[in-house]
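In this text, residue positions in the sequence shown follow our numbering: the first is 2, and each later residue adds one.
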Amino acid sequence: MKLRVAVVYGGRSGEHEVSLRSAESIIAALDPARYEVQRFFIGKEGRWSPHPILPEPGANPGIDVVFPVLHGTFGEDGTMQGLFELAGLPYVGSGVLGSSAAMDKEVTKRLCHERGLPVVEYLVQWRGALDADEVERNFQYPVFVKPANLGSSVGISKAHSREELESALEVAAAYDRKVIIERAILGKELECAVLGNEKPRASMPCEILPSREFYDYDDKYLLGASRYQLPAALTPETTAEVRRLAVECMLAVECAGMARVDFLLEESSGRVYINEINTIPGFTSISMYPKMWEHSGISYSGLVDELIRLALERHAACQTTRYSKD
Ligand SMILES: Nc1ncnc2c1ncn2[C@@H]1O[C@H](COP(=O)(O)OP(=O)(O)O)[C@@H](O)[C@H]1O
Ligand SMILES: [Mg+2]
């Protein structure tokens with residue numbers, strides 16, 4: 002019998018279009034001899050077609066496993082994962098807690114810091130209580146200002162002056178009630194792919210070479226001008242450190258299945274900082290997550306197979322959990 006895979010894609014986030022491309026690549030890689038694909042498309046307004054996955058256990062008899070290919074809000078942030086939990090369906094990637102913790106850049110930093118992992122110094126401010134003076138007391142310019150939840154560099158600014166800081170705070174606060182302000186790191190941007198459940202492994206890291214002052218939305222999706230180097234040209238020690246930290250970050254944030262951990266390598270100190278963790282990284286045929294695995298010996302279709310296997314393995318392990326006394 003073929004395994005019936007529900008690919009859920011599109012979605013309400015700003016990364017709707019990227020999701021469409023990721024989903025087509027994944028569907029093309031699913032071996033038709035082994036899998037039967039069912040498409041669940043979610044429009045930008047949140048409507049499912051042809052019909053939604055239902056939240057009741059047993060209410061989706063045609064689905065063996067779900068492959069969510071949704072980036073960002075309402076897909077990568079634990080909300081969708083909550084639906085699959087209610088429905089009792091196995092699904093690829095992180096659970097509710099790992100997804101929502103990873104989506105929040107500040108919670109990610111706290112969890113990493115608590116485990117002794119290096120993160121860039123930062124401040125938190127809330128919409129309605131933005132305070133440029135506090136930022137200036139703590140940091141020198143430039144600083145990065147970000148909405149705590151979101152992706153694709155939306156709402157993120159690099160502020161070089163008081164004037165830029167004030168508008169950057171307003172912009173970030175328009176996208177999230179919680180805003181984080183960070184010291185700017187001058188150096189390299191690195192990414193590392195992680196795969197697995199309890200004992201995840203890390204790929205060889207790559208370096209992103211943005212074409213602009215930082216890796217912003219246009220650079221990621223519109224310009225196509227940023228380049229990458231795979232594997233990143235690092236000392237063996239730094240490579241090993243990045244791979245170790247990637248696995249540690251995945252465990253600290255309690256992610257599962259897959260994650261792409263992004264780093265900043267400070268040129269002056271040689272220090273590596275964890276920047277963020279993405280639980281449903283870009284998955285097009287030219288995306289970094291599958292490319293890093295390809296370089297580390299796992300083909301795109303082999304990667305998709307492994308993610309489905311990990312989803313079933315995790316679901317089976319969860320099945321043994323008791324929810325009440327009898
Ligand atoms: N503290 C920092 N120092 C230097 N560059 C940063 C810093 N934070 C973010 N950036 C730049 O901004 C980009 C987007 O920030 P990031 O935190 O990765 O958010 P997103 O979730 O939108 O990808 C990064 O890829 C990097 O180029
Ligand atoms: Mg990023």
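Where a beta carbon is used, it is the ideal one built from N, C-alpha and C, also for glycine.
Cβ of Val-121 within 7 Å of Cβ of His-114? For this step, residue 121 is matched to residue 120 along the sequence shown. For this step, residue 114 is matched to residue 113 along the sequence shown. No; because the gap between Cβ atoms is not below 7 Å, this pair is not in contact.
Could you check the C-alpha separation between Tyr-36 and Ala-174 for me, to the nearest Å? In the sequence shown, residue 36 corresponds to position 35, counting from 1. In the sequence shown, residue 174 corresponds to position 173, counting from 1. Each residue's Cα considered, the two are about 44 Å apart.
With H, G and I counted as helix, E and B as strand and the rest as coil, what does DSSP make of Asp-105? On the sequence shown, residue 105 is found 104 positions in, with the first residue counted as 1. Looking at Asp-105 - three-state DSSP - the assignment turns out to be strand.
Which class does Ala-130 belong to by DSSP, given the choice of helix, strand or coil? In the sequence shown, residue 130 corresponds to position 129, counting from 1. It is coil, neither helix nor strand.
Which residues bound the alpha helix (DSSP H) around Leu-308? Within the sequence shown, numbered from 1, the residue matching residue 308 stands at position 307. Here the alpha helix (DSSP H) through Leu-308 covers 301-320.
What did DSSP end up calling Gly-197 once you bin it into helix, strand or coil? In the sequence shown, residue 197 corresponds to position 196, counting from 1. Of the three classes helix, strand and coil, the one that applies to Gly-197 here is strand, per DSSP.
Alpha carbon of Val-9 to alpha carbon of Tyr-92, nearest angstrom: To locate residue 9, count along the sequence shown from 1; it is residue 8. To locate residue 92, count along the sequence shown from 1; it is residue 91. Each residue's Cα considered, the two are about 10 Å apart.
If you measure between the beta carbons of Lys-179 and Ala-130, is that distance less than 7 Å? As a position in the sequence shown, residue 179 is number 178, starting the count at 1. As a position in the sequence shown, residue 130 is number 129, starting the count at 1. Not closer than 7 Å, so no.
DSSP puts Tyr-10 in a beta bridge; with which residues? The residue given as residue 10 occupies position 9 in the sequence shown. In the DSSP output, where bridge partners are listed per residue, Tyr-10 has Phe-42, Val-70.
According to DSSP, residues forming a beta bridge with Gln-230: Counting from one through the sequence shown, the residue named residue 230 turns up at place 229. Answer by DSSP bridge pairing, in chain order: Glu-208.
Please confirm if the stretch 72-89 is in contact with the stretch 97-106, defined as three or more CB-CB distances below 8 Å between the two stretches. yes
Would you check if the stretch 18-32 and the stretch 292-304 touch, i.e. whether three or more CB-CB distances between them fall below 8 Å? yes
Which one of Lys-147, Lys-159, Tyr-176, Pro-143 has the shortest CA to CA distance from Ser-14? As a first step, residue 14 must be located in the sequence shown, where it is residue number 13. For Ser-14, the nearest C-alpha among the options comes from Tyr-176.
Is there at least one non-hydrogen atom of ligand 2 closer than 6 Å to the beta-carbon of Asp-263? Working through the sequence shown from its first residue, we reach residue 263 at position 262. Yes, Cβ of Asp-263 sits closer than 6 Å to a heavy atom of ligand 2.
Starting from Ile-182, follow its DSSP beta bridges and name the residues at the other end. Working through the sequence shown from its first residue, we reach residue 182 at position 181. Ile-182 is bridged to Leu-124, Val-146.
Can you tell me where the alpha helix (DSSP H) holding Met-289 begins and where it ends? Translated into positions along the sequence shown, residue 289 becomes position 288. Where Met-289 is concerned, the enclosing alpha helix (DSSP H) stretches over 289-296.
Phe-85 - containing beta strand (DSSP E), residue span: Translated into positions along the sequence shown, residue 85 becomes position 84. Not the beta strand (DSSP E): Phe-85 falls in the alpha helix (DSSP H), residues 80-88.
With a 10 Å radius around its C-beta and 16 neighbouring C-beta atoms as the bar for buried, classify Gln-141 as buried or exposed. Within the sequence shown, the letter at position 140 stands for residue 141. The residue in question, Gln-141, is exposed, as its Cβ has fewer than 16 Cβ neighbours within 10 Å.
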